[in-house]
Every structure is written in C-alpha cells, then in structure tokens.
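Sequential numbering from 1356 applies to the sequence shown in this note's numbering.
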Amino acid sequence: MRNSNTNNWRSTALIAGAILTAGVVTTTSTTDVHADNSQNNAQVSNDQVTYDQVRATADQQLAQLQSANDSKEAQQATANEQSNAADLAQTNAQIDQLKASHAALEQEQAGAIAQAQASTAASIEAQTSAANAEYQQQINTQQQNEATQRAANDQQYAQAVSQAAENQQAVADIDAQYQKALSDAANTQTSQAQAAANNYNSAVAKENDTYQGKLSAQQATNAENIKNAEASLASATANANKPYEVATTNDVAVTGRVAKPQTDVKVPAYVTKYGIHLEVRGYNGAIPVSDYTYPEFANTYYGEYPDSTVITNKAAESTPHDISEMPLNFQPGLLSYDAKNDHSEKVSADGLTADQVQVLRALALSWENGFRNNVFQNYREFYNVVNKNDGFVNVAPVDLVSTDFTDNIANQVVANRTKYNIDNNNHTVISSGMPAEATYTSVINDATKNLKKNLTSEFNGKTVYTDVNENLTTTQAGTPTLLNYAINLYNSMQGMYYGELVNPTHIGGHAVNLLYAGVRTVGIGFQKLTDEMTAKNGSGVSDRKNPSYAVTFDHVGFNIDHDANLTKEVQNRNVWGTSTVDAQLNTIKTAQYHVNKVPGTKTVTPTATDVQKATASEQQKLADVKAQAQQSLDALASAHQASLNKLAQQYNDAKAQVKANYDVAVTKAASVCDAALKATGVVDLQAYKAQLDSAYQNLVKADQVAAQKLAADRDAKIANIKKAENVKLDAKINELVSSVDPQIKQLQDQHQAVIAHGDAVLAELKAENKAVYNKLAEQFNVQLAAIQRRENAKRANEVSLANNTVVLPSAVKVANDGNTDTVAFPTASNPLQAETTGRVQTVSAPSIVKTATQIPIAVAPVVTTVNHAAENTVKSNESSAPVVTQTTAVNGTQTSVASTAENKATKADNSEKSVVKAGTVAKKQTPAKKSESSQKVDQSSMSIVALAATALLGTLGITYSSKKRHN
C-alpha cells in the first residue's frame, strides 16, 4: 500500500510454529501484494484398509488353489506318459513276434515258392514268344503288299513313255504355234506401253510450266506484303523505346515514438534504506538486492510508488506523452510521468469511462502476455519452476485473451466487491467479508460450468484441472488523464511481476499466478474506490482528489491431465468469447508503426519486356503476313502436286490395261495349245510319274501307322500276360505263407486308443479345477464390491481431518458414479500347459468403483493481518517514505509446484486445486500418497483450526501487529 501524504512503514508479525504444525496456512501482509490460490483436497477413507486386506487374502488363496490344481494336473500328465510308454513297449514286442513267425514260415516254404516262381517265368516266356511271332507275321504281310504296288507303278509308267514316243511330231507342231502366239502378244504390249509413256511425259511438262508461272507471281506479291509489315513494326518499335512519365505511389514507413522502460533506476537514500518489501514467501522483511538473480528486476519494485515519484534520474526516453507511446511488450523497467507533456484525453471527476477502461484493459492484457513470453524466452528457469508439474516445462504458453466472456466475469467481480464494500487491500474471497456465491471463484465457476462439464465428458478417464487465480493491485492518478492512470498501472504491474522474480527458489504469488501455462483468459476489472476506502490507513492512495481503482486480474483456464498438447488444443478452441480489446490495441500499434502512401511521378525507360508488349500487335501482324505468304505458296504447291498425282494415276491405269491385254493373249494361246495336245492323247510324263510315286508313298505311310498300332497291341498283350501270371504266383505264395499286416495294424490302433483315453482324463481334470477356481474368485469379487460400495457411500458426504469429520454439502453431485473398472487377479503359470492344451486361465475380478469427480471443498477463511504498524519515530531530518500501492494476488487452482509452494504471496487465501477426472478407478494408495493427502488440509476444517490457533496465540502472548508507524 502506498500513500505519499504520510510516512508509513511496515512491520511484520511471525506466526507461531504451532499453527503451521496444525496445517493452517497463515501469512502476514508485508506489502501491497496479495495472491490467492484456490485448492480442494479430499481424504482417503480408512475402509480402504479393509478392502486391501480382503484383496490380499483373495490373492493368496487363489494363488494357493491354482498351485494345487497345477500339481494335480502335472501328476495326471506324468501318469499318462508312463502308461503310454508301457503300452507302446508291449505293442512293439507283439509286432516283433508276428514278424519273426512270418519269417520262419517263409524259410520252411522256400523250395515250394522257388518252384512256383520258375513255373510262372516259363509260362510268361512261352506266351511272349507267341505274341512276337504273330506281330512279325503281320509286318511281313505289309512289306509284301508294298513290293507289289511298286512293281505295278513301274509297268504303268513304261507304257506311258512308249505312247509319248509315237506322238512326238504332232506335239512339236502344236508347240511351234504356241510360241508364235506368245511372241505376237509381247510385241503388241511393247507398242502400247510406249504410247502411254509418251502421253504421260507430255502432260507432266505442260503442268510444270503452268505451276512455275503462278509461283513467280505469288512470290512477288508476298515480298511486297512482308516489306510493308516490317516497316510498320519498325515504326512501332521506335515509338515504344521512347522514355515516358508515369504517376507513382511510394510506401513510407512511419515509426511513432514509444517510451523505453528505464532499468538503471536511482532512488533517495531513505527509500534505499527502507528496502524492497514484496510478497515473496521466505521474506518477512526487506528483500536484499543481492538475492535477485537479475538485479534489474529489483529496481522494478519502485514502480509500487505512485508515478515512480521516488526515481531521481528520470529519463526523457522513458516518459510517454500519450497513450500511443506506451510500450506493449513489457520489458523490465519503469516509466516516468510528465504532466506538462501529457497529450492524452482527460478523465472526468466521475472516473474512467467504459471506453477508457477498455483502453487500460487492452494495455494490461498486452503487458501480461509480454511478461509471460519474455520470461519464457529469456528467463526460462522461472517459467519451468512454476510449470514443472503441469506438463509445460520448455513449452511456450498460449497468449491470454480478454473477451466479452472475461469482461462479464470482471464486471461481475467488480459489482460484487462494490456491493460488499471490499477495499483494495482484500481479495474477492469469503475472508474479505462476502458470501461464498459472491467470490471470484464462484463467479468463474458459474461462467465456466458448461465448458468444464463438456471437457470432463470429452476427456473421460483423464484429469481436467481448473486453473483459477486472482491478482489485485491499485491504480491512481495525480493528474486526471488516461496516460497518468496507464503509467501508474504499468509501473505497479512491473513491481507486481518482475519484482517478485527474486530467484528460481523465491517467486512471488503474482508472478506464479501469471506464469501458469494452463490459464488462457483474464478478466480485468476496475473497481472505483470510495472515499472511505481511500481514507483508510494503508490504502496506498496518495492523491484523493481524483478517483482511484482496485484492479483485479481474474485468470481462468483448464489443464488437461498435465498434457501440454491436449491443453493447448483446448486453449486454441473458439470457446473463450470474442476479443473486446483488438480495436484499442490496433489503434496503438498503428500509431507506433504504419506505412503511408506518397504520390509522385517518374521517367520510365521502357525495358525490352515493355517494348515487346507494346509492339506485340505489329509483331503479330508481321507473323500473320509471313504465314499467309507461306500458305499461298503451299496452296500452289499442293495444287501442282495434285495435278501431277492425277497424271501419274492415268499413266498407271494405261500401263495396267496394256498388261491386262498381254495376259489375255497369253492365256488364250495356252488354252489353244492344251486343247490340241489333248486331242492327240499326249500325257505329261513327269506329272504322271509324280502321281504314281505319290500313291506308293501314301501306302507306305499307312503301313507305318498300322505297324505302330500292331507293336502297341503286342506290348499290351505281353504286359497283361505278365500281370496275370504274377497274380497267380502271389496267390500261390500267400497260400503257402499267410500275411501278418492286418494283425500289426490292429495292435497299432489299440495303442492309439490308450493314448486318447489318457488325454480325455487329463482334460476332464483341468475343467473341474478351473470351475473350482472360478467359483472361489467370484466369492471374493462379491465381497470386495460390497466393501467398495460402503466406502463410496461414506466418501460421498464425509472428509476426515485429524480427529475431525467434516460433512460436505449434499448439493454437490457425483458424476459418472456408475462407471467401474475390473481388476484382474494374478494367475499361476502351468509349465505343462505348453505341452497339453495351451490354455490361459483368467479370473473375473471385483469391480472397484471411484466417483468420477472429487467433491469440491468449501473455501475456508484465512488468518491474515494487515499491518497498521506500531508507533515508532524517525529522525526529524529524514524525509518521509512514500507508501507502496496495494497489490495482491490470489494464487490459482493449479499450484502443485513444490518450489512455488514455498513462494506463496503474503495474504494468500489458499485452498486445494479443484480436480475433475471422469471415469477413474480407485486404486490402493501407497503410504507416500497417504502422507501427501494428509498434508492437504480441507478448507472447511482449516477455518476451525485457524480459530483455535488464534486463541492459542493469545494464550502464548503473541499478537498480530495492526498499526503503522507515523513520523
């Protein structure tokens, strides 16, 4: 709290160790910073012990039964093996005896068997010889027929030769007439072919002369057209190459003035002597600068003084002149205020307008995001300590948003604070004097209940953490302008955030609340303080003629099972409302940097591309003229070629007709010759001989085919003879010595029946053992389920804390109470299973039920102190120390980080985090987890113990310091 009109110094009171031992979180107010962290814990029922005992008994008895079953089955398997081996030995002995008897009988009948075999061989030989003789006789008949046919052919040919000699002169005369007819036909063909060639050559020469004349005339026309087109293109090209003037628009970047935060801050000696007093766990007095990992963070503490009035080396570059010059990125350092150079809009005596509040909301949002991103990028060790248990180590946070959704939350929080007269020294919590339904957590829960319900359902089986916290500070203005309020808020946030980053093991509650990666939105509220509030000692308000405001930062978000990917996916969904500060931020960003369009002219020298575009039409005309010229020449050539092709076709037709005339004459001469020869009875001796030879060869081929069939028939007959004789031999031998194979087969079948009987006995034993085991397991399942139902019934309404039992509100509903999971009992392995049936024995397990949602625990009052200081004096020559602006933080739901647990801010209202996990299964808790649960104190019980602790302190003579020293 700060107040420049009085010299207020803080004193602190230590809390007795007995209270801490009792589990009550008590803190003292040493500065204006408050952090509230809402947490909820549930205790584990002692009925879990009974459940674990029954479960252990079940495991033991089932394991013993399984072991006994396995032993009996192993004994039966061994007995089967022994019985099978004995029967196999007996069977083999009987088979060997049968084979020996059979061999002895064969030895006795050896002579008779040999005689039968010899008789069979002789019979086969005799029948085979007869079949071969029959086959050879058939082949000899074929060869005799062929010789007879060959002799007849020779005789017929000799007769034809004799007849031809008698008709020799007549044949010669006929041939001479035939040769003359051929000669006449050839002469006629030659004469007609020459006439056709002469006509063709004359026509081709005439066509060539006509084409050449047309070609010369067209070429002259084409040359003139191309010349004119080229002249037109040259003129257009010359015009296109001339430089010309054009209007232009130039982009001119305009960078506005932005104030640069000052880090090398110097303050008067009395301020330095007073020291740095911030809410950082572990410090009850001033924080040594030497404890800061980054000394520049220590200087931000002086932002707690109004307008940084204690800074003696104010820098001009760190003094904004308007809202547009306020930095947006929130680097470490402070800003100074100069009322003479303040060009911002005025703030009326009634206070900030709605539009002015939105401007401050936009700036505050940008600064909170700037802090989160800067710490992640450049001071990662602080970020990782805060988020080490939340799944966000080295994972960048998603930017916070301020929307219509969060504005409604902020406005409702401000309305509730105003209604219940909550000043800037107290959070929006029950301990500040307001009902539970008016607290910031209640407002947020009402606003997010549907979203939370949907997420719990969507991520059934995972834990959905609700990240909720509140930071609180004060903003005021000595000059009623928007810029003065903005600078005051900026500097106060510097001390509230960077000032609390002492080192990775000492981080204040405000910084922890903002660095939680699970939060996604922030509702920023501006509560106008009444005169009564600002007049209180420790209000921190230095100038009461202008309105002052308590500024609340209510952060909201959900962490999905401490999984960064799932959490960021939810954060990036369109479920957080519509931004209400984009217009304000864009206005400031545009003022700080924008681009102007400046008109002008310039001389342009056409490029080759420009000339190409400008003359494209003329170039196309020239190309068209050339194309048309070529087309006209191609048309002439095409017509000329068509004429030549027609002449060639006519010439080919004439030659074909000449050839046809010749063929007709030759055919007629041959016909006349053949008729004359036929009349004389002349035979063509060569053709006649070929005819006779062909008939003989056909006979030979037919005999060859028949011979192959005769050979095949003979071979088949011999094979049948051998088969029939061997059948007779086998019957004779079997008559002498009988076979023992049927008896051996019968013995082998009997042995397989013995093996099958043993397998059936073992399978029946296994089935009986399994039924007994399953029955015992089911009995334990029923007993365990009954124990679990009783435990759930108790946990639904009670929480145990030391020797006290707290009855929770009955209105809280338990979600998904019907969901159960089955726990499988262990089964003993059977080494014989792989050799037998390979079964896997399973046992149905008892259903252990756990409520899907842990019941929220009511927020308890917190023992806090506001130091109003004991009366002490300072030397008269010392200057008075301005009082620090009131800033407080309420640490959020998600604060499971061990190191930050030691850094909770003074005046922290601590309650357990609210955990929502759908469809979970109760599990046996280890002693370590029970210890942890016992350390998480239920808030309802905390209020009882806190009152007892207060009475104890009075008895011990320890009191809270409640006054401030005045000079």
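Ideal Cβ placement from N, Cα and C applies to all residues, glycine included. Everything numeric in this text was worked out from a predicted model, so none of it was measured.
Taking the alpha-carbon positions, what's the lysine 2121 to asparagine 1424 distance?
Position 766 of the sequence shown, counted from the start, is the residue given in the question as residue 2121. Position 69 of the sequence shown, counted from the start, is the residue given in the question as residue 1424. Cα to Cα, lysine 2121 sits roughly 8 Å from asparagine 1424.
Compare the C-alpha of threonine 1829 against each of Gln1532, Tyr1853, Asp1898 and name the closest.
Position 474 of the sequence shown, counted from the first residue, corresponds to residue 1829. When each option's Cα is compared against that of threonine 1829, the closest is Asp1898.
Contacts around alanine 1765, its chain only, beta-carbon distance under 6 Å, and the 5 residues preceding and following it disregarded:
Walking along the sequence shown from the start, residue 1765 turns up at place 410. So the qualifying residues of the chain are Gly1878, Ile1879, Gly1880.
Could you have a look at glycine 1955 and say whether DSSP puts it in helix, strand or coil?
Reading the sequence shown from its first residue, position 600 is the one you call residue 1955. Residue state, collapsed to three classes: strand.
Where glutamate 1825 falls: helix, strand or coil (DSSP)
The residue you call residue 1825 lines up with position 470 of the sequence shown. Three-state DSSP puts glutamate 1825 in a strand.
Inside the region 1651-1737 only - alpha helix (DSSP H) runs reaching at least 4 residues:
1709-1733
Quick one: what does DSSP say valine 2214 is sitting in, helix, strand or coil?
Within the sequence shown, numbered from 1, the residue matching residue 2214 stands at position 859. Here valine 2214 scores only 33 on pLDDT, less than 50, and its place in the model should not be relied on; the value that follows carries that caveat. Coil, per DSSP.
Length of the line joining the Cα atoms of alanine 1793 and asparagine 1771:
Locating residue 1793 in the sequence shown gives position 438, counting from the first residue. Locating residue 1771 in the sequence shown gives position 416, counting from the first residue. For alanine 1793 and asparagine 1771, the distance between alpha carbons rounds to 6 Å.
Can you tell me whether asparagine 1920 is helix, strand or coil according to DSSP?
Sequence index remark: in the sequence shown, residue 1920 carries index 565 (1-based). If DSSP states are grouped into helix, strand and coil, asparagine 1920 belongs with the helices.
Just list the residues that DSSP pairs histidine 1782 with in beta bridges.
Looking up residue 1782 in the sequence shown gives position 427. Paired residues: none, contrary to the question.
Consult DSSP for glycine 1568 and reduce its assignment to one of helix, strand or coil.
As a first step, residue 1568 must be located in the sequence shown, where it is residue number 213. It is helical.
Among Ser1557, Ser1546, Lys1535, whose alpha-carbon lies nearest the alpha-carbon of valine 2027?
Position 672 of the sequence shown holds residue 2027. Taking only the C-alpha atoms, the option nearest valine 2027 is Lys1535.
Suppose only complete runs of 3+ residues qualify. What are the beta strand (DSSP E) ranges in the region 2041-2067, listed by chain order?
none
Given 8 Å, three or more beta-carbon pairs between the region 1741-1748 and the region 1823-1842
no
Inter-stretch contact (C-beta, 8 Å, three-pair minimum) for the region 1579-1587 and the region 1977-1989:
yes
Three-state secondary structure assigned by DSSP to phenylalanine 1747
Sequence index remark: in the sequence shown, residue 1747 carries index 392 (1-based). It is coil, neither helix nor strand.
In this structure, what does DSSP give as the bridge partners for lysine 1861?
As a first step, residue 1861 must be located in the sequence shown, where it is residue number 506. It should be pointed out that residue 1861 corresponds to histidine in this sequence rather than to lysine. According to DSSP, which records beta bridges pairwise, histidine 1861 is partnered with Asn1858.
Our contact map puts tyrosine 1871 next to asparagine 1742 with C-beta atoms below 8 Å; I'd like the distance itself, whole angstroms only.
Position 516 of the sequence shown, counted from the first residue, corresponds to residue 1871. Position 387 of the sequence shown, counted from the first residue, corresponds to residue 1742. 7 Å between Cβ atoms; contact.
Cα separation between leucine 2139 and glycine 1873?
Along the sequence shown, one-based indexing puts residue 2139 at 784. Along the sequence shown, one-based indexing puts residue 1873 at 518. Computed Cα separation, rounded: 39 Å.
Tell me the DSSP secondary structure of glycine 1932 in three-state form.
For this step, residue 1932 is matched to residue 577 along the sequence shown. Note: glycine 1932 maps to coil in three-state DSSP.
Count the other CB atoms within 10 Å of the CB of histidine 1910; is the residue buried (16 or more) or exposed (fewer)?
As a first step, residue 1910 is located in the sequence shown; it is residue number 555 there, counting from the start. By the 10 Å Cβ count, histidine 1910 comes out buried.
Give the range of the alpha helix (DSSP H) segment to which aspartate 1762 is assigned.
Numbered from 1 along the sequence shown, position 407 holds the residue referred to as residue 1762. Its alpha helix (DSSP H) spans residues 1759-1774.
Ends of the beta strand (DSSP E) at valine 1617?
Within the sequence shown, the letter at position 262 stands for residue 1617. Checking the sequence shown, residue 1617 turns out to be glutamine, not valine. From DSSP, glutamine 1617 is part of no beta strand (DSSP E); its letter is neither H nor E.
Taking the alpha carbon of glutamine 1497 as the point to measure from, which residue in Asn1594, Gln2134, Tyr2051 has its own alpha carbon closest?
Numbered from its first residue, the sequence shown carries residue 1497 at position 142. It is Tyr2051 whose Cα lies nearest to the Cα of glutamine 1497.
Please state the DSSP three-state secondary structure of histidine 2112.
Mapped onto the sequence shown, residue 2112 falls at position 757. Note: histidine 2112 maps to helix in three-state DSSP.
Can you give the Cα-Cα distance for asparagine 1951 and methionine 1681, rounded to whole angstroms?
Position 596 of the sequence shown, counted from the start, is the residue given in the question as residue 1951. Position 326 of the sequence shown, counted from the start, is the residue given in the question as residue 1681. About 22 Å.
Distance CB(phenylalanine 1726)-CB(glycine 1854) smaller than 8 Å
Numbered from its first residue, the sequence shown carries residue 1726 at position 371. Numbered from its first residue, the sequence shown carries residue 1854 at position 499. Cβ atoms of phenylalanine 1726 and glycine 1854: not closer than 8 Å.
To the nearest angstrom, how far is it from the Cα of serine 1787 to the Cα of histidine 1676?
Here residue 1787 is taken as the residue at index 432 of the sequence shown, counted from 1. Here residue 1676 is taken as the residue at index 321 of the sequence shown, counted from 1. Looking at the two C-alpha atoms, the distance is approximately 39 Å.
Over what stretch of residues does the alpha helix (DSSP H) that includes valine 1874 continue unbroken?
Translated into the one-based positions of the sequence shown, residue 1874 becomes position 519. Note, valine 1874: premise wrong, no alpha helix (DSSP H); beta strand (DSSP E) at 1874-1883.
Please report the residue range of the alpha helix (DSSP H) in which aspartate 2008 lies.
In the sequence shown, counting from the first residue as 1, residue 2008 sits at position 653. Residues 1971-2035.
With DSSP as the reference, please indicate the residues paired to alanine 1560 in a beta bridge.
Stepping through the sequence shown from its first residue, residue 1560 is reached at position 205. DSSP lists no partner for alanine 1560.
Mapping the DSSP letters down to three states, classify threonine 1503 as helix, strand or coil.
Numbered from its first residue, the sequence shown carries residue 1503 at position 148. Helix, per DSSP.
Taking only three categories from DSSP, how would you classify histidine 1457?
By one-based count along the sequence shown, residue 1457 stands at place 102. Correct three-state label for histidine 1457: helix.
Closest Cα partner of glutamine 1831 within the set Gly1640, Ala1471, Glu1973, Thr1664
Numbered from its first residue, the sequence shown carries residue 1831 at position 476. Measuring from the Cα of glutamine 1831, the nearest candidate turns out to be Thr1664.
Mark valine 1925 as exposed unless 16 or more other C-beta atoms lie within 10 angstroms of its C-beta, in which case mark it buried.
Locating residue 1925 in the sequence shown gives position 570, where the first residue counts as 1. Under this definition valine 1925 is a buried residue.
Assuming leucine 2002 contacts alanine 1558 under a Cβ cut-off of 8 Å, what Cβ separation, rounded to an integer in Å, is found between them?
As a first step, residue 2002 must be located in the sequence shown, where it is residue number 647. As a first step, residue 1558 must be located in the sequence shown, where it is residue number 203. Their Cβ separation, rounded to whole angstroms, is 5 Å, which keeps leucine 2002 and alanine 1558 in contact under 8 Å.
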